[in-house]
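I have placed the structure first, in the form of C-alpha cells, so that the comments after it can refer back to it.
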Amino acid sequence: MTLRHATSDDIPAIMVIERQPGYEALVGQWSAGQHRQHIADPAFLYLVAEDEATRITAFAALHRSADGLLLNRFIVKTAGLGLGRSLLPQVLDISAPAGTGQRVWLRVAAHNARAIGLYRSFGFEEEDRLPAAGTLPNGQVSDLVVMACTR
Ligand SMILES: CC(C)(COP(=O)(O)OP(=O)(O)OC[C@H]1O[C@@H](n2cnc3c(N)ncnc32)[C@H](O)[C@@H]1OP(=O)(O)O)[C@@H](O)C(=O)NCCC(=O)NCCS
C-alpha cells in the first residue's frame, strides 16, 4: 500500500469511497466541486492510498488552520480489514511528523465506535463532546466527539 498526494483525477474514486454503503451513517460526503476546491487549496492536504494494482483504497483530507491540523476525512474503501490501523500512522507521519509539537484534531460521530477506538489507540484523547452538532448524509443528527493529540 502506498500513500500519495491526490490530484483532481482521483476525485471519482474518492467519491466512491466516501459513498460506500453504510458510510452515510458515519461520515460526511463532499461534492466533486468541493473536492476540486480543496485539492487546489494549499491549506488542504489530500492523500490517497493505492494497492499494488494502483486501485485507490483509502483517502485522507487534512486542513491546516490556526487551531492546528484538522483530520477532516479519513476513510477506507473496505472497513474492518486492518487498513485504517496501518494507514493512520502513515498519514500522521506525512502530515504532522512526530516531535514537531503540532496539534492534530478531528470531530467524529459519537456512535462511530470503530473510528474512536482507532484514534484513541494512536494517542488521540477526547477533548469535548458537541451535542447534536453533526448531521450525517442519512439525515441522522449526531453528537460529535472532538479528539486531539500533540505530535
Ligand atoms: C474508521 C475507519 C477509517 C477505520 O479503518 P478500518 O480499516 O475499518 O479499521 P481497522 O480494520 O484497521 O480496525 C481498527 C480497529 O478498530 C477495531 N474495531 C472494529 N470495530 C470496532 C467497534 N465496533 N468498536 C471499537 N473498535 C472496533 C478493530 O478491532 C481494530 O482494532 P485492532 O487493530 O486493535 O483489532 C474505517 O472503518 C472507515 O473508513 N469507516 C467509515 C468512515 C469513517 O467512519 N471514518 C472516520 C470518520 S472520523
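Count along the sequence shown from 1, add 3, and you get the number used in the working numbering. Backbone N, C-alpha and C define an ideal beta-carbon position, used for all residues, glycine too. Keep in mind it's a predicted model, so treat the numbers as computed, not measured.
Per DSSP, residue i forms a beta bridge with which residues?
i    : result
L73  : H66, W108
I59  : E53
S145 : G137
E129 : M150
T5   : E53
L48  : L65
Alpha carbons only, please: which of the options is nearest the one belonging to residue i?
i    : options              : result
R22  : P140, Q93, A116      : P140
A151 : T138, S124, W33, L29 : S124
F84  : T60, R76, G102       : It is worth fixing the name first, because residue 84 is Leu in this sequence and not Phe. The residue with the shortest Cα to Cα distance from L84 is T60.
M18  : S68, L73, K80, L48   : K80
D146 : P15, D13, P100, A28  : A28
F77  : Q143, R154, Y26      : Y26
R117 : A82, S34, P15, Q143  : A82
For ligand 3, any of its heavy atoms closer than 7 Å to the Cβ of residue i?
i   : result
F62 : Ligands displayed in this structure: ligand 1; ligand 3 is not among them.
Please confirm if the region 43-60 is in contact with the region 100-118, defined as three or more CB-CB distances below 8 Å between the two stretches. Using a Cβ-Cβ distance cut-off of 8 Å, the region 43-60 and the region 100-118 are not in contact, since fewer than three pairs of beta carbons, one from each stretch, lie closer than that value.
Count the C-beta pairs between the region 127-142 and the region 87-100 that are closer than 8 Å, then say yes if the count reaches three, no if not. Too few Cβ pairs lie closer than 8 Å, so no.
Do the region 58-70 and the region 5-24 touch if we need at least three Cβ pairs shorter than 8 Å? Because the criterion of three Cβ pairs below 8 Å is met, the region 58-70 and the region 5-24 touch.
For the region 72-102, which segments carrying the alpha helix (DSSP H) assignment without a break, of at least 4 residues, lie completely within its bounds, in sequence order? Here the runs fully enclosed are 86-98.
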